[in-house]
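J.:
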Amino acid sequence: MGTDPTTRLGVADHDERTTDRTGPADARIPTPKPGVGMRGRLAVTVPYWFLAPALLALILGFGFPSIDVIRRSFLTGAIVGANHWAGLDNFRRLFASSEFWQAVRVTLIFTVGSVTGTIILGFAAAMLMQKTFRGRGAVRSILLVPWVMPLVPATLVWQWMFDSQYGCVNYLLKVLGISAHGVDWLNQPRAALASVLIVQIWRNFPFAAVMYLSGLQTIPLEQYEAARVDGANGAKIIWYITLPGLRQVTRMLVLLVTIWSFGTSLTVMLLLTSGGPANATQTLTLLTYSDAFARYDYGAATAIGTLVLAISAIFAAGYLRVARRHDA
Amino acid sequence: MPSSTAEPRLRRARPGGGRKRSTALRNARRLPFTLARALVVVAFCGFAIFPLYWVLVNALQTQAERYRYPPELFPIHPTLEAFRSIWTSTGIGQWLTNTFIVASVTAVLTLAMAIPAAYAISRWRTRGTSLAGFLTLATQMIPPVVLMLPLFKVFVSLHLVNNLSGLVVADLFWALPVNIWILKSVFDAVPVEIEDAARVDGCNRLEVLLRITLPMSKSGILAAGIFAFIVAWEEFLLTRILVTTESKWVGSIGIASFFGELGTNWPGVMAASLVFAILPIVLFMFVQRHFVGGFAGGVKG
């Protein structure tokens, strides 16, 4: 039944896209020849009738809001009432505030930390899962749990796990002999940023693992055989065969996880630390959120929104280019 | 799935045939490796599943046991009391009902829009349809928080605030792009030849889609629908600003309301979390093979 290709994961899926772009599907569809008259001309529009409802929704949900945010960042900021042209005032105000620069710093640390952690853990998990062993299916399902557990209850239980007095994280540190007094996870600026990062990496690493796992399957077995014949040991095989073979996947993962960590992730900070203590976990997206919906400073919110949008667009362009090259 | 492609590697490691003795020898020499590896696998699994397990343990204990230190790894006197108490003391029944309604309607509407769009992108390879596919992917790169600012205003002016229909619209936006991509690869798998045969028999495109392609893609469509359901079930950020009246709360908002009141009825809070979390997890495990690839574009958090 029509399920087979969908069972292929991430990367394989990308491959598929192009093969059939030039594949038999193309040739078989009778394209209306020019000059066939009314029928032919109508037939050309058929795909657009199929696309129309979805495209309309996407324009309403994504197109219009993106443009509106940019437009509003140049207006005086009130949620209701008349807005006047404000030029670059919103941005000037932003660049003058220390809170903004603090958020830039936090965002940078958070993004770099989250991408690094996600990639490393994801790669390690994929390497462990590469060989078949008894219970592999169960392990696979378990590793995917963070990815599918709804984030709100997950963050709630992490908050309790990070509790400085009764939390099991500190208990674990004590048992392992790392820290006898424990860490005040959520109330000490550095530790708070670390806890937000831990939750975020916990959340995202399964995705990287799955992508790497499907990437590993695209490396031809002959390469491993050849390396082994040449006397390469495990570490050398990883260094000379596995890592280069995964370069494309890594590139795509880095860009994707960057886009997510930079742009989409704020639920964890919002719930776990509310950006505190002392703004230590306030990222740009969280700042936008609280400017808009807690302080009602629409000017500041849209100005940050525009910046976030612009920076995301750079990474997105990178990702879409790499994904396309990966296709070809 | 992946296990089938990894098969050759498995065969190499498995003792068998004429190489029996040498493999057995090698296995023995590798025992420490295998053990270390198993330990790491266990550590990974522990890291991944512990929060869910901890929700379970906490839900099965009593309020008094909560402040036990060192924490007990297993429930000592497991009781379902927490489930009963949270049911009577909060509106969780109402929240879950709302969530279920919103998620189901979202799933149906998303499919209704995504199926024709995905079919068009899969079957007509023109510049227009490939641009549509590209734009669909590009929406996933836009930070949702940016979209929320203008969307909130629009929702207010359309009276979609404090209204379950408003949530459906919002969730539809989040679920639609990924759904289009999942369904596109589902439709790619349906052989064009069968459709061509039907067209020769006089079916038009819509009839082909309804009578041939859809019945052939049932399980893929089910997976896509479940994906939309999960997205809507979990949505929090936009929901949080769209809904304030408690009778319109959904699960994510209800659970989030427990933050900051960690002292009160903690086992009940965990019981509620478990009930809320378990459905998407089970549904996902049920159809996971379908959409790990589609997830490439579909994460919000």
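Going down the list, the protein sequences come from chains A and B. Taking my numbering, the leading residue of the first sequence gets 16, the next gets one more, and so forth. Taking my numbering, the leading residue of the second sequence gets 44, the next gets one more, and so forth. Here a beta-carbon is modelled for each residue, glycine too, at the ideal position from N, C-alpha and C. On a predicted model such as this, the values are computed, not experimentally measured, just so you know.
Mind checking whether residue 98/B and residue 143/A have CB atoms under 8 Å apart?
T.: No. Outside cutoff.
J.: Contact criterion: CB-CB distance below 8 Å. Does residue 130/B meet it with respect to chain A?
T.: No, its Cβ sits nowhere closer than 8 Å to a Cβ of chain A.
J.: Beta-carbon of residue 246/B versus every beta-carbon of chain A: anything under 8 Å?
T.: no
J.: In whole angstroms, what is the alpha-carbon distance linking residue 111/A and residue 126/A?
T.: 23 Å
J.: Taking the beta carbon of residue 185/B as the centre, do at least 16 other beta carbons fall within 10 Å, making it buried, or is it exposed?
T.: By the 10 Å Cβ count, residue 185/B comes out buried.
J.: Which residues does DSSP list as the beta-bridge partners of residue 100/A?
T.: 90/A
J.: When the Cα atoms are used, what is the spatial distance from residue 212/A to residue 299/B?
T.: Annotation: residue 212/A to residue 299/B spans about 20 Å, alpha carbon to alpha carbon.
J.: Taking any Cβ of chain A, which residues in the region 97-113 of chain B have a Cβ under 9 Å from it, in chain order?
T.: Residues of the region 97-113 of chain B with a C-beta less than 9 Å from any C-beta of chain A: 97, 98, 101, 109, 110, 111, 112 and 113, listed in chain order.
J.: Taking only beta carbons into account, state which residues of the region 276-290 of chain B come closer than 8 Å to chain A, listed in chain order.
T.: 276, 277, 279, 280 and 284
J.: Between the C-alpha atoms of residue 67/B and residue 147/A, what's the straight-line distance to the nearest angstrom?
T.: 17 Å
J.: So residue 171/B contacts chain A; which residues on that side make the cut at Cβ distance below 9 Å?
T.: 62, 63 and 66
J.: For residue 194/A, which residues of its own chain have a beta-carbon under 8 Å away from its beta-carbon, when the five flanking residues on both sides are left out?
T.: 185 and 188
J.: Considering only residues of the same chain and omitting the five flanking positions on each side of residue 263/B, which have a CB-CB separation below 6 Å?
T.: 229
J.: Output needed in chain order: residues of the region 226-258 of chain A with a Cβ under 8 Å from some Cβ in chain B.
T.: Answer set for the region 226-258 of chain A: 226, 228, 229, 232 and 236.
J.: One question on the structure: do residue 160/B and residue 223/B come within less than 8 Å of each other, judged by their Cβ atoms?
T.: yes
J.: For the region 311-327 of chain A against the region 80-94 of chain A, do three or more pairs of beta-carbon atoms, one drawn from each stretch, fall closer than 8 Å, so that the two count as touching?
T.: yes
J.: With a threshold of 8 Å, are at least 3 pairs of Cβ atoms found where one atom belongs to the region 240-251 of chain A and the other to the region 201-208 of chain A?
T.: no
J.: Using only the alpha-carbon positions, how far apart do residue 309/B and residue 60/A sit?
T.: About 58 Å.
J.: Buried or exposed, going by whether 16 or more other CB atoms sit within 10 Å of the CB of residue 276/A?
T.: Per the 10 Å Cβ criterion, buried.
J.: Quick test of your reading: residue 227/A and residue 138/A, contact by CB under 8 Å. State the CB separation rounded to the nearest angstrom.
T.: 5 Å
J.: Please state the DSSP three-state secondary structure of residue 324/B.
T.: helix
J.: Tell me the rounded alpha-carbon separation between residue 139/B and residue 133/B.
T.: If you take the alpha carbons of residue 139/B and residue 133/B, they lie about 11 Å apart.
J.: For a contact meaning CB atoms closer than 7 Å, what does residue 298/B contact in chain A?
T.: 167, 168 and 171
J.: Going along chain B in order, which residues have a C-beta closer than 7 Å to the C-beta of residue 127/A?
T.: Here the premise fails: no neighbours, minimum Cβ distance about 17 Å.
J.: Which residues in chain B sit within 7 Å of residue 158/A, going by Cβ to Cβ distance?
T.: 87, 88 and 91
J.: Helix, strand or coil for residue 334/A, going by three-state DSSP, please let me know.
T.: helix
J.: Determine the closest residue to residue 90/B out of 140/A, 103/A, 333/A and 243/A, with distance taken between C-alpha atoms.
T.: 140/A
J.: Measure the C-alpha to C-alpha separation of residue 206/A and residue 208/B and round it to an integer number of angstroms.
T.: 41 Å
J.: Looking at the C-beta of residue 150/B, does it have a partner C-beta in chain A at a distance below 8 Å?
T.: no
J.: Using the beta-carbon count (16 or more within 10 Å), is residue 287/B buried or exposed?
T.: Result: exposed.
J.: Is the number of C-beta pairs between the region 214-223 of chain A and the region 273-292 of chain A that are closer than 8 Å three or more?
T.: yes
J.: Can you tell me whether residue 88/B is helix, strand or coil according to DSSP?
T.: helix
J.: Residue 326/A to residue 332/A, Cα distance in whole Å?
T.: 10 Å
J.: Taking only three categories from DSSP, how would you classify residue 153/A?
T.: helix
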